[in-house]
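Remarks on the structure that follows.
There are 2 protein chains.
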Amino acid sequence: MTKVAILGFGTVGSGVAEVLSKNSQGIARRSGGEIQVKYILDVRDFPDSPFKDCFVKDFSIIENDPEVDVVVETIGGAKVALEFTTRALKAGKSVVSSNKELVANHGYELLQLAKANGVSYLFEASVGGGIPILRPLTNCLAANEVEQITGILNGTTNYILTRMIKAGLTFEQALKEAQDNGYAEKDPTADVDGHDACRKICILSALACGQHVYPQQVPTQGIREVTLADVAYADSCGYKIKLLGRCLREPEGKVCAFVAPHLVSCENPLAGVEDVFNAIAVTGNAVGDVMFYGRGAGKLPTASAVVADVIDIARDPKRDRGNQWGPGSEDLVISSDGLTSRWYVRANLSMDQARLACGEILPLARSGAPAQEAAFLTQPMTYPQLMDRLAGVETCSVFRVL
Amino acid sequence: MTKVAILGFGTVGSGVAEVLSKNSQGIARRSGGEIQVKYILDVRDFPDSPFKDCFVKDFSIIENDPEVDVVVETIGGAKVALEFTTRALKAGKSVVSSNKELVANHGYELLQLAKANGVSYLFEASVGGGIPILRPLTNCLAANEVEQITGILNGTTNYILTRMIKAGLTFEQALKEAQDNGYAEKDPTADVDGHDACRKICILSALACGQHVYPQQVPTQGIREVTLADVAYADSCGYKIKLLGRCLREPEGKVCAFVAPHLVSCENPLAGVEDVFNAIAVTGNAVGDVMFYGRGAGKLPTASAVVADVIDIARDPKRDRGNQWGPGSEDLVISSDGLTSRWYVRANLSMDQARLACGEILPLARSGAPAQEAAFLTQPMTYPQLMDRLAGVETCSVFRVL
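Each protein sequence line maps, in turn, to chains A and B. When the first sequence is numbered by our numbering, its final residue is 395 and no position is left out of the sequence of numbers. When the second sequence is numbered by our numbering, its final residue is 395 and no position is left out of the sequence of numbers.
Put into structure tokens, the structure is as follows:
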């Protein structure tokens, strides 16, 4: 019997309780014993909940109850969640989390703390929602040196971009639709400005390179600047615009990580990832390219990943899970300025001027384009080289081509 | 230090040695100790191999060496491989295998034998080559009741179908090209007739339903009957023809499993899986749809999965890996005759006759079709219902629509 306390009865927390209850028989069979929710911590009251007898408002009840084996943290944010996670680990309880902000900012210290207390800190649900990605990365791909990770890591922005591409909505219209459908928060900043994707690529990068990567080390650009004109030009040459979180292994243990909109060729399976779905492509030096695809958010998908972590702990509470990483360092993350790629440029100039500036280009067309607008794909070059060539040009959009 | 013996120095076996050598540092770090190849069993001589000092011709040397912790079986087939696997497990050595034929036919007894001897029998590489799928299914999706598995499980047939679709080659031309490129064997029966995909869906089904599913229980149809005409008709309505292995959970613990060509909508991510790539879509009752994608065969991708299993054992040799399943039974697998779906039909009749027979249909067109040929998609119905409606009609192709 494993006893669980859930911190926070919001979307994910209530999903965890639901999955543990709904699939209890199969979960007990696969865990080697029953998994029972003993406490749910929430400031609110839920008198009609089937779990109404579990609610507590004081964390110390959970902290001091030796029967609680696993604490599920679905509070979010990095304040209360940090305090409770720290106290739970110190009390010798394993912690399972869906909280990417906390892991991206405090993962190293919390993993160390877990190790020091002989327990586990697991957070499969923090990246890709229900998609199995962290455990496959650390276990199933353990024979590989991971060379690259490229992910569509945020369902909200992918939904917005899909609606712009498929329904011709503007960014603002698509954002409103996403909000109306519950896919975007009232304050959509964390999603549309790329912060959420940034936290997730930090976690993936840390697992791949073995050192903590902090969000402030990862240059992050969101999708506010993507226009319908860009979408149309991309479409004209067989590309889709996607917000990608990327991590590339560099020599001497360095890593290049960033978040930015990219043009992705329709030949690439990432281009077909639509709506709120996420996908993470991993390149290993033995396996080549593998991709993991599924729902990156939502109550039950995220709960699926949280409960998988709980089951893992229930099966074998004291096992070292090999998901540790080392401390971060200031010079770990290097700039993407050295990364050569083709570029998509939309600017106010003639195609002749574009050719004069950038050399061999692929001109793009769209119906209804203003006369002074040129859009094109460049040959492969670095960002500084591109900026050098475009000196003095009034650019509207500049996106990297994957 | 973990010592490994590799049985068979063919494509996969030599890839395992190469990956263990090439990535030895990272593997040692992630395993908590060095992993060393002590023996390689092969009837042939490899005097120029960097592993030339490891070769032996007598399995009993491996069997009787207490230093050997893990035996990697990459012999293939179900005769010698069965004997050596049995002897290795009885000798208290864990066995890692890429051999789908052996697992699909003898998985239950070998898993039991491993358990009885306190060791592991792991076979991640037997399905999907390098794609992490078995461990994610048993661990990462452990919170779910798995409702469906749908896989493009054979790279050879997917290559042939892709070349038919994209280059307009006939089946025979595409098969020859696949053979010339080393993607198909000289005797392509196991691939093109679906037997390889059948073995893989048996393994996936056993993990999902917890009981052994034998290949002879799984109706299997290959791709020999897929014509360019079918490909063209499918294309005309936004579908691709793919060979799918499918497993559906049925009431009372039954399972419906089969292998057959299907029309897959271009909206479905499986339709975009091309060339020798494989993909496995899993539907869980919490996570919804997730998909795993990558190279389903090849030296290093397959070795990546084999070595991941070896690392898993090296980290914790005695751990129960939760990959057991129960014995099979004659009435476990039920017929797909109860499964309702739309159907693609190409037959020698007029479209009016087709309507008369099948009711509401979606007529399909292709250039150069003979006058007496009709192709269409039906409304959803079962196979017996379809056959009933088509009684007396001379059909050329009948494929299920996913």
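For every residue, glycine included, the Cβ atom is placed at its ideal position computed from N, Cα and C.
Is the beta carbon of residue i sitting closer than 9 Å to the one on residue j?
i: B:A279; j: B:N137; result: yes
i: A:R335; j: A:V275; result: no
i: A:G69; j: A:E94; result: yes
i: B:L236; j: B:A171; result: no
i: A:V61; j: A:Y32; result: yes
i: B:I327; j: B:C249; result: yes
i: A:T79; j: A:L0; result: no
i: B:S91; j: B:V30; result: no
i: A:Q204; j: A:S322; result: yes
i: B:G148; j: B:G289; result: yes
i: A:V(-3); j: A:V63; result: yes
i: A:L127; j: A:Q317; result: no
i: B:D223; j: B:Y337; result: yes
i: A:K292; j: A:S17; result: no
i: A:T375; j: A:D330; result: yes
i: A:D228; j: A:I145; result: no
Could you give the distance in angstroms between the alpha-carbon of residue i and the alpha-carbon of residue j?
i: A:K83; j: A:A107; result: 8 Å
i: A:L162; j: B:G215; result: 44 Å
i: B:Y176; j: B:G122; result: 13 Å
i: B:V49; j: B:A10; result: 15 Å
i: A:D282; j: A:R239; result: 14 Å
i: A:L221; j: A:F369; result: 15 Å
i: B:L168; j: A:I196; result: 43 Å
i: B:E243; j: B:F44; result: 49 Å
i: B:K247; j: B:L325; result: 5 Å
i: B:N110; j: B:G85; result: 6 Å
i: B:A199; j: A:P377; result: 54 Å
i: B:P125; j: B:A364; result: 48 Å
i: A:F77; j: A:F52; result: 7 Å
i: A:T333; j: B:C351; result: 57 Å
i: A:V139; j: A:A201; result: 6 Å
i: A:F116; j: B:P262; result: 27 Å
i: A:D390; j: A:D180; result: Reading the sequence as shown, one finds Ser at residue 390 of chain A and not Asp. If you take the alpha carbons of A:S390 and A:D180, they lie about 25 Å apart.
i: A:A272; j: B:R348; result: 42 Å
i: A:N58; j: B:L241; result: It is Asp, not Asn, that sits at residue 58 of chain A in the sequence shown. A:D58 and B:L241: Cα-Cα distance of roughly 42 Å.
i: A:G252; j: A:T150; result: Going by the sequence as given, residue 252 of chain A is Val instead of Gly. One C-alpha to the other measures close to 12 Å.
i: A:L256; j: A:V112; result: 43 Å
i: B:V96; j: B:P320; result: 13 Å
Can you list the residues of chain A that residue i reaches, using a CB-CB cut of under 7 Å?
i: B:S113; result: Simply none; closest approach about 14 Å.
i: B:D305; result: N132
i: B:A301; result: N132, C133, L134, A135, A136
Which chain B residues sit within Cβ distance under 8 Å of residue i?
i: A:P294; result: A279, V280, G281
i: A:A109; result: Within 8 Å Cβ-Cβ: nothing; A:A109 doesn't reach chain B, min ~18 Å.
By the criterion of Cβ-Cβ separation under 9 Å, what are the contact partners of residue i in chain A?
i: B:N147; result: Simply none; closest approach about 17 Å.
i: B:E117; result: C133
i: B:V252; result: Going along chain A, no residue has its Cβ under 9 Å from B:V252, so there is no contact; the nearest lies around 22 Å.
Could you work out which residues of chain A lie near residue i, taking near to mean beta carbons separated by less than 8 Å?
i: B:S297; result: L134, A136, N137, G277, A279, V280
i: B:N16; result: A136, N137, E138, N278, A279
i: B:E387; result: Near B:E387 there are no residues of chain A at all, since even the closest Cβ is about 38 Å away, more than 8 Å.
i: B:R288; result: V280, G281, D282, V283
i: B:R128; result: R128, P129, N132, C133
i: B:G265; result: P262, G265
i: B:R312; result: D309, R312
Given that residue i touches chain B, what residues does it touch there, using C-beta distances under 7 Å?
i: A:G19; result: E138
i: A:G315; result: R23, R308
i: A:I124; result: V283
i: A:V63; result: Under the 7 Å cutoff, chain B gives no residues; its nearest Cβ is about 13 Å from A:V63.
Under 9 Å between beta-carbons, which chain B residues line up against residue i? List them in chain order, please.
i: A:V96; result: Within chain B, no residue comes near A:V96; the closest Cβ sits about 17 Å away, beyond 9 Å.
i: A:P244; result: Here the premise fails: no neighbours, minimum Cβ distance about 15 Å.
Open item on the list: Taking 8 Å as the cut-off, does the segment 343 to 359 of chain A touch the segment 297 to 305 of chain A (at least 3 CB pairs, one atom from each stretch)?
Closed with: no
Open item on the list: Does the contact criterion of 3 or more C-beta pairs under 8 Å hold for the segment 203 to 214 of chain B versus the segment 124 to 133 of chain B?
Closed with: no
Open item on the list: Any contact between the segment 150 to 157 of chain B and the segment 254 to 268 of chain B? By contact I mean 3 or more CB pairs, one from each, below 8 Å.
Closed with: Flag = yes, the segment 150 to 157 of chain B and the segment 254 to 268 of chain B touch.
TODO: Scan the segment 254 to 292 of chain B and note each continuous beta strand (DSSP E) run of 3 residues or more that stays entirely inside, going in chain order.
DONE: 270 to 277, 281 to 288
- [ ] Mind listing, in chain order, the continuous alpha helix (DSSP H) runs of no fewer than 4 residues lying wholly within the segment 193 to 235 of chain B?
- [x] Whole alpha helix (DSSP H) segments, 4+ residues: 221 to 229.
TODO: Can you check the segment 129 to 176 of chain A for any alpha helix (DSSP H) of at least 4 residues that lies completely inside it and give the ranges in chain order?
DONE: 148 to 160, 164 to 173
Open item on the list: Which runs of the beta strand (DSSP E) at least 3 residues long sit entirely within the segment 83 to 133 of chain B? Give them in chain order.
Closed with: 87 to 90
TODO: Could you tell me which uninterrupted alpha helix (DSSP H) segments, each at least 4 residues in length, are contained entirely in the segment 289 to 343 of chain A, listed from first to last along the chain?
DONE: Positions of the alpha helix (DSSP H) runs, each at least 4 residues long and wholly inside the segment 289 to 343 of chain A, are given as 292 to 308 in order along the chain.
Open item on the list: As an exercise, report each continuous alpha helix (DSSP H) stretch of at least 4 residues that is fully enclosed by the segment -2 to 32 of chain B, in chain order.
Closed with: 4 to 15, 17 to 24
- [ ] Within the segment 368 to 394 of chain A, note down every full beta strand (DSSP E) run reaching 3 residues or more, in order along the chain.
- [x] 388 to 394
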